[in-house]
Amino acid sequence: MQQILNRLDTSSWESYKRSLGEAMEVANDMGISEDQISQFAQQFGSFLANNISPDIPENRALKDLWQAASPEEQKTIAGLMIKLARNSEH
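Okay, so the sequence shown: first residue is 5 according to this note's numbering, each after it adds one.
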């Protein structure tokens with residue numbers, strides 16, 4: 005999973021969505037279950053909140069939302085990010 009995180013491009017919102025979609029494809033190709041992907045998305049959210057550069061407005065908004073959210077709300081945000089990534093593949 006760390007290898008996937010290291011490959012994400014957070015230089016722009018579009019790059020981020022595209023690279024997250026690609027990461028989802030890799031996870032699916034590896035046979036990772038939807039539940040594991042959801043758990044990974046939550047870990048990823050925490051990783052971003054701690055490591056993302058807030059220089060892009062969308063990154064700042066995502067970071068602020070994540071930090072303000074309860075664990076249950078973070079789970080919802082993670083699920084929405086998965087959905088966004090999958091929708092950006094098309």
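C-beta: ideal position from N, C-alpha, C; glycine also.
- Annotation: the continuous alpha helix (DSSP H) that includes Ser42 extends over Glu38 to Asn55.
- The shortest CA-to-CA distance from Phe44 to any of Asn55, Lys79, Ala65 and Glu18 is the one to Lys79.
- Sequence-distant partners of Trp70 (beyond 5 residues in either direction) whose C-beta falls short of 8 angstroms from its own C-beta, in its chain, are Gly49, Ser50, Leu52, Ala53, Gln78 and Ile81.
- Residues Arg64 and Lys67 of the same chain have their beta carbon placed closer than 8 angstroms to that of Pro58, with the five preceding and five following residues left out of the count.
- Counting other Cβ atoms within 10 Å of its Cβ, Ala72 stays below 16 and is therefore classed as exposed.
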